[in-house]
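Asks:
In the working numbering, the protein residues as written are -6 to 397.
(1) Would DSSP call residue 189 helix, strand or coil?
(2) Hey, does residue 21 have any beta-carbon neighbour from chain D nearer than 9 Å?
(3) Can you tell me which of the three DSSP states residue 229 falls into?
(4) Just the Cα atoms here: how many angstroms apart are residue 247 and residue 281?
(5) Based on Cα-Cα distance, which residue from -3, 41 and 184 lies nearest to residue 18?
(6) Per DSSP, what are the beta-bridge partners of residue 151 in this structure?
(7) Residues in the same chain with beta-carbon distance under 8 Å from residue 331, minus the five sequence neighbours each way, listed in chain order, please.
(8) Rounded C-beta distance between residue 353 and residue 368? I'm assuming under 8 Å.
(9) For the pair the stretch 70 to 88 and the stretch -4 to 4, tell me if three or more CB-CB distances fall below 8 Å.
(10) Taking DSSP as the reference, what is the three-state secondary structure of residue 399?
(11) What is the rounded straight-line gap between the Cα of residue 239 and the Cα of residue 349?
(12) I need the straight-line Cα distance from residue 48 to residue 158, nearest angstrom please.
(13) Does residue 108 come out as helix, strand or coil in the three-state DSSP assignment?
(14) Which same chain residues end up closer than 7 Å to residue 63 when comparing Cβ atoms and leaving out the 5 residues on each side of it in sequence?
(15) Any chance you could list the alpha helix (DSSP H) runs of at least 4 consecutive residues sitting entirely within the stretch 37 to 118, in chain order?
(16) For residue 31, count neighbouring Cβ atoms within 10 angstroms of its own Cβ and tell me buried if that reaches 16, exposed if not.
(17) What residue range does the beta strand (DSSP E) around residue 4 cover?
(18) Report yes or no: do the stretch 5 to 14 and the stretch 104 to 111 share at least 3 C-beta pairs separated by less than 8 Å?
(19) Measure the C-alpha to C-alpha separation of residue 226 and residue 325 and round it to an integer number of angstroms.
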């Protein structure tokens, strides 16, 4: 392998079995064949098996920050586990030069009943650090994690954000040649994310190599010089980050600021309400997008087929993996007459840049009208003028103003 190439992935593939019973049988059969020196047929699919990663190839240079992007189920995390040696490829090969540090799951390598202090030593040892090395770096790890008085509390009492803080702090202090980072950095608050970005930049300049998996196109664009787009386990695009992200967004994000809702398939209720469109009244007009830390302004239009009493409307946002972020609902309108109506809602927020699903609903008394959980996909972009203006509170701030 070229000395300038620290990661070389050549036609790597990994398969799994959807059926647990069949998977156990296949595993035992393969072990038996390997013990007898026979071909375990790892390169073919059997009943209920599928390729989670299928014939993927790429190289990563020393000091490069390489991104992996794609939808849920595209094979990103499986590929990261192949790189970390947790999985062995069924076909192809993977070669990595140097020490590898990995942050691929919240709390991976932590013992839940041990304290944060104890887990620093445990996790540091797992990552290859000696006890003396951990002692020397202990204060720096604690300062970076910034978990305060919880250092001597069992990590089972930690929030997911605190897990991320401590896990990332330990991983970067093992001074790896290659560090693998999964989606979990999105759990951290804004201030911690900025600290991580600054640290990644500093380590990259000193020669460390990063592979970062993310759903967020903006995170990939901010950090990575090149990236790989995966879809159903296969490489769909590989190259300069802006081009690959444009390809990803071009296929997955609505390309207009107005979404037609007349053809919604999931429209539960009595048919009294018929949503027509949702329009985004923001500065980004070429796509269904808004800038970070700027209010999101939605204009909803629809038809009320009969006079309705005490009706209210709601909008919700979830992450691309369907984690709820917040829901806002208007105050009830005593009487809303039959006919065409428009509703303006302004949402103030500090959500991280990324892709969010937009849900829409309404209710009148005991009647609930649930239109759809994914009427549109909203992209929140980095704000080029003021990327990190808020002080860290550890909370998501959302407020709304409705005009009917």
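For glycine and all other residues, C-beta sits at the position ideal for the given N, C-alpha and C.
Every value quoted in this text rests on a predicted model; they were computed, and no experiment measured them.
Replies: Checking against the coordinates, here is how it stands:
(1) helix
(2) The chain labelled as chain D is not found in the depicted structure, where only one protein chain is given.
(3) Strand, per DSSP.
(4) Per-residue confidence for residue 247 stands at a pLDDT of 39, beneath the threshold of 50, marking its modelled position as unreliable; no derived number is given.
(5) 41
(6) BP columns for residue 151 are empty, so no partner.
(7) Result list for residue 331: 297, 298, 299 and 300, in chain order.
(8) 5 Å
(9) yes
(10) In the structure displayed, the chain extends from -6 to 397; residue 399 sits before or after that span and is not available.
(11) 17 Å
(12) 34 Å
(13) strand
(14) 69, 222, 223 and 224.
(15) 69 to 77
(16) exposed
(17) -2 to 10
(18) Remark: fewer than three beta-carbon pairs, one from each stretch, lie closer than 8 Å, so the stretch 5 to 14 and the stretch 104 to 111 are not flagged as touching.
(19) 47 Å
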